[in-house]
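Asks: If you read the sequence shown in full-length UniProt numbering, its first letter stands for residue 1, the second for the next number, and so on.
Using N, Cα and C, we set each Cβ at its ideal position, and we do this for glycine too.
Quick one: the structure is below, questions incoming.
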Amino acid sequence: MDSKQIRQALHDKGFTYQMLGKQLGIHAQTFSNVAARRASSYHAAEAIAKALGKSIIEVFPDVPSYRHGPQLRQDAKTKAAKERELAALLNS
Numbered sequence: 001m002d003s004k005q006i007r008q009a010l011h012d013k014g015f016t017y018q019m020l021g022k023q024l025g026i027h028a029q030t031f032s033n034v035a036a037r038r039a040s041s042y043h044a045a046e047a048i049a050k051a052l053g054k055s056i057i058e059v060f061p062d063v064p065s066y067r068h069g070p071q072l073r074q075d076a077k078t079k080a081a082k083e084r085e086l087a088a089l090l091n092s
């Protein structure tokens with residue numbers, strides 16, 4: 001779905017980005033940016049999908065990182081930590 005389709009589908013269900021933001025403590029602009037693919041947030045994308053009664057893949061089929069769930073962010077943190085560990089070992 002593109003950003004206009006997402007906004008319209010939310011409107012059809014009686015929801016807005018402001019309502020999503022209020023429930024989750026996320027600025028409404030974040031949802032707009034995620035819907036328009038100007039920003040990436042699994043949490044915001046998942047909330048949009050749930051509000052629409054769809055899977056995240058149905059709403060954002062063109063965003064590969066959403067296929068793997070939020071663990072990618074944790075994997076990136078783990079990788080960064082391992083890189084620091086390796087750098088410390090090599091510099092000692």
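Could you spell out the range, first to last residue, of the alpha helix (DSSP H) harbouring R7?
Replies: Here the question's residue 7 lines up with position 7 in the sequence shown. It spans S3 to D12 - the alpha helix (DSSP H) in which R7 sits, taken as one unbroken run.
Asks: Write down the C-beta distance between M1 and V59 rounded to the nearest angstrom, noting that I regard them as a contact closer than 8 Å.
Replies: Residue mapping note: residue 1 aligns to position 1 of the sequence shown, counting from 1. Residue mapping note: residue 59 aligns to position 59 of the sequence shown, counting from 1. Right, their Cβ atoms sit about 5 Å apart.
Asks: Is the beta carbon of L52 closer than 8 Å to that of K4?
Replies: If you number the sequence shown from 1, residue 4 lands on position 4. If you number the sequence shown from 1, residue 52 lands on position 52. No; because the gap between Cβ atoms is not below 8 Å, this pair is not in contact.
Asks: In terms of residue numbering, what span does the alpha helix (DSSP H) encompassing N33 cover?
Replies: Counted from its first residue, the sequence shown places residue 33 at position 33. Element bounds for N33: A28 to A35.
Asks: Ignore the nearest five residues each way along the sequence and tell me which others in A9's own chain have a CB closer than 6 Å to its CB.
Replies: Walking along the sequence shown from the start, residue 9 turns up at place 9. Within the same chain, A9 has close Cβ partners L52.
Asks: Look at the alpha carbon of residue 93 and the alpha carbon of I56, and state the distance between them as a whole number of angstroms.
Replies: Only positions 1 to 92 of the chain appear in the structure, and residue 93 is not among them; the question remains open.
Asks: Could you tell me the distance, in whole angstroms, from the CA atom of L50 to the CA atom of S41?
Replies: Counted from its first residue, the sequence shown places residue 50 at position 50. Counted from its first residue, the sequence shown places residue 41 at position 41. Looking at the sequence provided, one finds Lys at residue 50 rather than Leu. Between K50 and S41, the C-alpha separation is close to 14 Å.
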